[in-house]
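Just so you know, we're using this note's numbering here: the sequence shown kicks off at 7 and counts up by one.
Glycine included, each C-beta is placed from N, C-alpha and C at the ideal position.
Contents: one structure, followed by commentary.
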Amino acid sequence: MSWGRTALAAGIAVAVVAAGVVGVSWANTARDPKRSLCAEFTDTVGLYEGNSVTMLGVEIGTVSKIEALGDRMRVTMSVKDSVQLPADVQAVTLSSSIVTDRHVELTKPYTGGSRYDTSKCIPLDHTKTPIGISEALDAMGKLAGDLTGGAAAGGKPDTLLDDTLTAANNAIDGTGQQWNELLQRLSAAIGDPTQKDAVFRRLVDNLDQLTTMFVTNWPDMAEVLDNLRNGLQLIGDFSAEFSGAVDIAVEFLPVIARNVGKYDSQIYGLLDSVLPQVHTQFQQHQGDIDSLLAALPPLAAQLPQAGAK
């Protein structure tokens, strides 16, 4: 009898646990239902059914189906219905390392505006996949083919790269000693880097002192620059006036030179007769002239006062 009760209690416990598990699963499904979303990729290497679908690193669903469509692959995903997608959503396949499977990452969260119609697949121009090893090898093969130049006329391989490397080798062959001497001279010219560092530091310190002096004395420097500008402007004005005088002199000097050459003897005779008389008159009236010149400053000082009256 006790054995029957124990079996009954165990059965009831198992039933309760099973009901609880089913209830929790149903509650989770009802609380966060899923919806289907598909995207087209150029390839799905490393991507399998059941792999995760993430957004900003947070899992929002899983890959439910992968099928080939000629030149592209369609990946059907089951994502949380509560996750909203923007109209310009993009999808990429990523892997955390080279030894792990890939997962699908939806690149942009919804922040507002129009939403993506999940009845349509994300097109191929909105998806990206990492470059595979086969594509990398194909690119390296194409690069090697471009370097070698491909096949020449007659089906023989082009020796352009080989000829170039051979010519470079012949050009530098036997120049090791010269390169060694050049590097030694360059090292000697550079000298001790620590000493050059000290010189550079002193140069920076002196430059700092010089800039500080300019900042401190900037008002005086500004005044000097203003005066220099005014002086240059004055010189420019004088040059303009002087150029006019030079133009006039160019016109009259030839005339004066011709007249002097024509009447020089008469002018010299006149000066020889007049200058002695002027000198004599100046000596006779020297005191009067001095008195006249001495009286001019007081007279000039009284002129403004007289005008004011």
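At what residues does the alpha helix (DSSP H) containing residue i begin and finish?
i	result
Val-210	199-222
Glu-187	182-196
So, helix, strand or coil for residue i, using DSSP?
i	result
Ile-262	helix
Ile-66	strand
Ser-249	helix
Met-7	Confidence in Met-7 is poor, its pLDDT being 45 and thus under 50, which makes the residue's placement unreliable; the coordinate value appears in the next sentence. The answer is coil: DSSP assigns Met-7 none of H, G, I, E or B.
Pro-136	coil
Pro-282	helix
Pro-92	strand
Glu-229	helix
Glu-257	helix
Residue i bridges to which residues according to DSSP?
i	result
His-109	Leu-100
Ile-128	Ala-45
Lys-86	Lys-40
Ser-271	Partner(s): none; Ser-271 has no beta bridge.
Val-81	Ala-45 and Ile-72
Arg-121	Pro-92
Please go through the same chain and pick out, in chain order, the residues whose beta-carbon is closer than 8 angstroms to the beta-carbon of residue i, but skip the five residues on each side of it.
i	result
Lys-202	Ile-196
Asn-57	Thr-68, Val-69, Asp-107, Arg-108, His-109 and Val-110
Any heavy atom of the ligand COA closer than 7 angstroms to the Cβ of residue i?
i	result
Gln-90	This structure simply doesn't include the ligand COA, nor any ligand for that matter.
Would you mind reading off the limits of the beta strand (DSSP E) that contains residue i?
i	result
Thr-60	58-61
For residue i, which residues in the same chain have their Cβ closer than 6 angstroms to its Cβ, ignoring the five residues on either side in sequence?
i	result
Asn-223	none
Leu-153	Leu-167
Cutting at 7 angstroms between CB atoms, please list the residues of its own chain near residue i, excluding the five before and the five after it.
i	result
Gln-90	Tyr-116 and Arg-121
Ile-72	Thr-50, Leu-53, Glu-55, Met-79 and Val-81
Asn-236	none
Count the CB pairs spanning the stretch 95-108 and the stretch 62-76 that are closer than 8 angstroms, and state whether there are at least three.
With contact defined as three or more Cβ pairs closer than 8 angstroms, the stretch 95-108 and the stretch 62-76 are not in contact.
Would you say the stretch 85-103 touches the stretch 51-66, given that touching needs at least three Cβ pairs under 8 angstroms?
Touching, yes, given that three or more Cβ pairs across the two stretches are closer than 8 angstroms.
Three or more C-beta pairs below 8 angstroms linking the stretch 90-100 and the stretch 129-147:
Contact holds between the stretch 90-100 and the stretch 129-147, because three or more Cβ pairs, one in each stretch, are under 8 angstroms apart.
Sufficient close CB pairs (3 or more, under 8 angstroms) joining the stretch 39-52 to the stretch 109-124:
Two segments are said to touch when three or more pairs of C-beta atoms, one from each, lie closer than 8 angstroms; by this definition the stretch 39-52 touches the stretch 109-124.
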